[in-house]
Amino acid sequence: MLIIEYLSRKLVIIKDMLKLILFASLLIAVASGCTGSSTESPAISEVSSNSEPYLDISSADARGFGGDSYSNSYGSSSQSTGIFVNGSGKISVKPDLGIINLGVSKTDKTVSRARKAAGTAMNAVMNAVKKSGVADNDIKTQHFGIQPEYRWTQNKQEFLGYKVTNNISVKVRNLDNVGDLIDEVANAGGDLIRLTGISFTVEDANQLAVKARELAVQDAITKAKQFASLTDVTLGKLIYISETGSNTPIPMVKAAGIAFSEAADISSSPISEGEVEIVIRIQAVFGIV
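Under the numbering used here, the letters of the sequence shown match residues 19 to 307, in that order.
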């Protein structure tokens, strides 16, 4: 009996000790969780109706207005003030280069017959292009393809044959000859000829871009001065400027998707080149004194 009573007391003591250890471990876990998970909340900027608007240059929106280069050049402050404007300059000129996209297309029951007919037609087209004065380096193959053709008839797929296409682009420097060249190509290619597009552009746009850039800067300065006057502040120095886009000429497309089944009956294809535009766009930031 004494031994059993002794062991019972020991078990009670052990249980009490385990309870204390468990309770202490719980307190330590709660304390470490409160201190370890406490991180600094991200700053949230609020703009009320009485506060001055500002641009957070570290945000994604600011990166759209010049990215990291803007942030480095304009300063590291997240509440920078200034006058932000866009400027654009446009020059319209007569084109000096025409680009004709054309080709031949033939469908036949066998690949060999389709290729032979398309090849004969393309050789005739190339000879006509070269006879009109176009240099070899102004003729470029754009696409050559062979593929099966099908059509659905009464819920069945019917095999039509193999389609061979051969497309080229031709640069025409004498724009007065564009109409005559189209007529010659139409006669040479016959019913297989396809004209997919004609566009006009300028070959060297660099000098035109210089003038358009000047107009874009003048436009931005004029806008900044107007904003300063309307808001009763003094316009400061230019802080940041960036050119967006490119100075690639915007071509004037005059024709597309023309098949020449009736072209041989046309005495002369009337073509007007119109004008092309060189557009420069900039973004600028001016300080406020």
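Virtual Cβ for every residue (Gly too), placed ideally from N, Cα, C.
- DSSP, reduced to helix, strand and coil, places residue 32 within a helical segment of the structure shown.
- Our two residues, residue 248 and residue 120, have alpha carbons roughly 55 Å apart in a direct line.
- For residue 105 against residue 302, the beta-carbon gap comes to about 6 Å, under 8 Å, which counts as contact.
- Assignment of residue 239 by DSSP, reduced to helix, strand and coil, places it in the helix class.
- The stretch 116-136 and the stretch 193-207 touch, with three or more beta-carbon pairs separated by less than 8 Å.
- Ranked by how close their Cα comes to the Cα of residue 103, the residues 114, 294, 242 have 242 in first place.
- Going by DSSP, residue 188 is part of the beta strand (DSSP E) stretching over 174-190.
- Annotation for residue 186: 120, 121, 157, 158, 159, 160 place their beta carbon closer than 7 Å to its own, counting only its chain and skipping 5 residues before and after.
- Within the same chain, Cβ atoms closer than 8 Å to the Cβ of residue 149 are found at 202, the five residues on either side in sequence being excluded.
- Taking each of 231, 226, 258 in turn and checking the Cα distance to residue 294, the smallest one comes out for 226.
- About 24 Å separates the Cβ atoms of residue 298 and residue 254, ruling out a contact at the 8 Å cut-off.
- Burial state of residue 237 is buried, judged by a 10 Å Cβ sphere holding 16 or more other Cβ atoms.
- If you draw a straight line from the Cα of residue 176 to the Cα of residue 143, it is about 32 Å long.
- The alpha carbon of residue 167 has as its nearest neighbour, out of 182, 246, 190, the alpha carbon of 182.
- If you ignore the 5 residues before and after residue 101, its C-beta comes within less than 6 Å of the C-beta of 242, 245, 304, all in its own chain and listed in chain order.
- If you draw a straight line from the Cα of residue 110 to the Cα of residue 296, it comes to about 6 Å.
- For residue 138, the three-state secondary structure derived from DSSP is helix.
- Taking all protein chains in view, the Cβ of residue 153 is surrounded by fewer than 16 other Cβ atoms within 10 Å, so the residue is classified as exposed.
- Residue 302 has 103, 259 as its beta-bridge partners, per DSSP.
- Here the alpha carbon of residue 127 sits roughly 6 Å from the alpha carbon of residue 180.
- Note that the C-beta distance between residue 300 and residue 257 is not below 8 Å.
- Counting of Cβ neighbours within 10 angstroms places residue 251 among the exposed residues, the total staying below 16.
- Residue 111 is bridged by DSSP to 294.
- Unbroken alpha helix (DSSP H) stretches of 4 residues or longer found wholly inside the stretch 194-231: 196-207, given in chain order.
- Beyond the five residues adjoining it in sequence on each side, residue 162 comes within less than 6 Å, by CB distance, of 184 in the same chain, given in chain order.
- Note that the C-beta distance between residue 123 and residue 212 is below 8 Å.
- Residue 267 is a Cβ neighbour of residue 220, given a cutoff of 8 Å.
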